[in-house]
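Structure record follows, encoded as structure tokens.
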Amino acid sequence: MSDQQNAPQLYLITPVGASTVTFAPLLADILDRFPVACLRLPGAGDEDALGRQADQIRDIAHARDVAVVIEDHVQLALRHGLDGVHLTKGSRKVRDLRKDLGADAIIGAYCGNSRHEGINAAEAGADYVSFGPCGQSTLGHGEVAELELFSWWSEMIEVPVIAEGALTPALIASVTPVTDFIALGPEIWAADDPTETLAQLWR
1 MSDQQNAPQL YLITPVGAST VTFAPLLADI LDRFPVACLR LPGAGDEDAL GRQADQIRDI
61 AHARDVAVVI EDHVQLALRH GLDGVHLTKG SRKVRDLRKD LGADAIIGAY CGNSRHEGIN
121 AAEAGADYVS FGPCGQSTLG HGEVAELELF SWWSEMIEVP VIAEGALTPA LIASVTPVTD
181 FIALGPEIWA ADDPTETLAQ LWR
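In UniProt numbering, the protein residues as written are 1 to 203.
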């Protein structure tokens with residue numbers, strides 16, 4: 001997929017509570033094998049543990065020129081030298097964060113399946129918006145973001161768009177022409193061999 005002209009880039013969501021011992025070599029191997037554009041850390045869990053995980057993932061990613069964002073934790077992103085923040089509640093706070101973090105920080109916004117919320121985030125200064133889930137999932141409110149939303153966005157709006165949530169090979173194929181990034185995470189980490197599962201999804 002990465003060889004196709006204008007193909008979307010790979011955006012990887014790390015697992016919640018990943019072990020700082022066992023996850024590091026797995027992540028390093030994946031980043032060496034796949035053209036990951038950005039890593040996203042979930043914001044759930046103890047803040048000290050999140051900080052340790054952020055340091056480890058940042059070092060592995062930055063050594064390979066891969067950006068790192070974290071969900072919602074603005075101060076943690078600043079303290080640990082991350083590249084930005086992914087907001088899980090739409091356009092709220094995007095404008096204020098842009099003022100606080102400056103022009104160079106990455107600010108993304110998850111907008112469920114709401115075109116209106118996506119437009120608000122884009123107008124407020126988001127670097128990207130994320131729509132999903134694309135399949136049956138508990139992500140957000142569980143309401144599926146249909147292909148029509150991605151098609152409309154790619155035609156009308158310049159701000160990059162991410163497809164995420166319960167992605168299968170068939171869904172990836174359908175959104176590939178109309179999205180800028182494919183976000184994968186839970187789809188691979190639950191597998192016995194996450195690297196092989198990612199290879200099957202990212203062809």
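Positions of the beta carbon are idealized from the N, C-alpha and C atoms, including for glycine.
Only a predicted model underlies this, so the values are computations on that prediction, with no experimental measurement involved.
Within the model, the alpha-carbon separation for residue 194 versus residue 161 is close to 25 Å.
Within the same chain, and ignoring the five residues on either side of residue 169 in sequence, the residues whose Cβ sits closer than 8 Å to its Cβ are 200, 201 and 203.
In the DSSP assignment, residue 27 falls within the unbroken alpha helix (DSSP H) covering 23-33.
Counting the other Cβ atoms within 10 Å of the Cβ of residue 25 gives fewer than 16, which makes it exposed.
Beta-bridge partners assigned by DSSP to residue 130: 110 and 162. In this structure residue 17 is exposed. Its beta-carbon is surrounded by fewer than 16 other beta-carbon atoms within 10 angstroms.
In the DSSP assignment, residue 175 falls within the alpha helix (DSSP H) that extends over 169-175. Counted as a single uninterrupted DSSP element, the alpha helix (DSSP H) harbouring residue 53 occupies residues 47-62. In this structure, DSSP gives residue 157 a state outside helix and strand, which the three-state scheme calls coil. When the Cα atoms are used, residue 13 and residue 189 turn out to be separated by approximately 10 Å. Here residue 53 is buried: its Cβ has 16 or more other Cβ atoms, across all protein chains shown, within 10 Å. Note that the C-beta distance between residue 183 and residue 33 is not below 9 Å. The Cβ atoms of residue 74 and residue 38 lie no closer than 9 Å to each other. Following the DSSP letters along the chain, one finds residue 40 inside the beta strand (DSSP E) bounded by residues 36-41.
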